[in-house]
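One structure is given below, encoded as structure tokens.
In UniProt numbering, the protein residues as written are 1 to 215.
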């Protein structure tokens with residue numbers, strides 16, 4: 001077991017410059033993995049992510065994960081539980097009627113850079129989370145508040161002239177695919193409640209966008 005843990009430490013060493021293994025890199029964006037799940041992985045601490053993915057996805061025992069992380073099995077169990085709570089908090093309910101219409105209005109307001117219209121479509125307490133995977137520029141922390149999200153979205157449009165927004169179903173919920181010169185730049189999923197967007201999950205990591213480039 002110790003030898004296997006050492007091998008895993010070597011195989012996954014250096015994730016994100018932390019020196020910790022990152023088995024989450026083996027999880028790709030497809031129809032079986034939700035946008036929320038992929039983005040919430042990025043919000044975890046490196047140790048939480050390793051403990052959660054190794055145990056809950058790859059079914060490694062905590063005794064072996066302890067050897068990878070250099071912590072006690074009890075500590076690894078707590079890390080996985082903390083990560084599990086993050087995933088639970090990010091679960092998206094089944095899409096409701098009219099959700100696609102709201103996303104369409106967001107698309108139109110975003111294309112016209114209409115901050116006032118975007119603010120009206122976003123819940124005042126909305127949260128936007130982005131995953132760049134350290135490979136492309138993005139916000140490091142969630143953007144909170146409808147007004148701040150609207151400003152951020154318009155800023156993106158200003159920096160990317162020619163950005164084309166396409167309405168798509170993203171892992172079962174209405175979403176948008178942003179592309180420029182035929183290259184997919186961002187895939188975003190939206191959670192809607194009472195006619196307003198309450199949550200946006202945006203993936204910009206090129207590695208996770210590869211399946212969308214083929215769609």
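Cβ coordinates follow ideal geometry from the N, Cα and C atoms, glycine included.
Predicted, not measured: the structure shown is a model, and the values here were computed from it.
The C-beta of residue 172 has fewer than 16 other C-beta atoms within 10 Å across all chains shown, which makes the residue exposed. Listed in chain order, the non-local C-beta contacts of residue 51 below 6 angstroms within the same chain comprise 65, 76, 79 and 80, local neighbours out to five positions each way being set aside. By the neighbour-count criterion, in which a residue is buried when 16 or more other Cβ atoms sit within 10 angstroms of its Cβ, residue 209 is buried. According to the DSSP secondary-structure assignment, residue 144 is paired through a beta bridge with 127. For residue 122, the beta-bridge partners assigned by DSSP are 197.
For residue 157, the CB contacts under 8 angstroms within the same chain, skipping 5 residues up- and downstream, are 110, 111, 113 and 163 in chain order.
Residue 175 counts as buried, since no fewer than 16 other beta carbons sit within 10 angstroms of its beta carbon. Residue pairing from DSSP places residue 175 in a beta bridge opposite 168 and 189.
Excluding five sequence positions before and after residue 55, the CB atoms of its chain that fall closer than 7 angstroms to its own CB belong to 62, 65 and 80, given in chain order.
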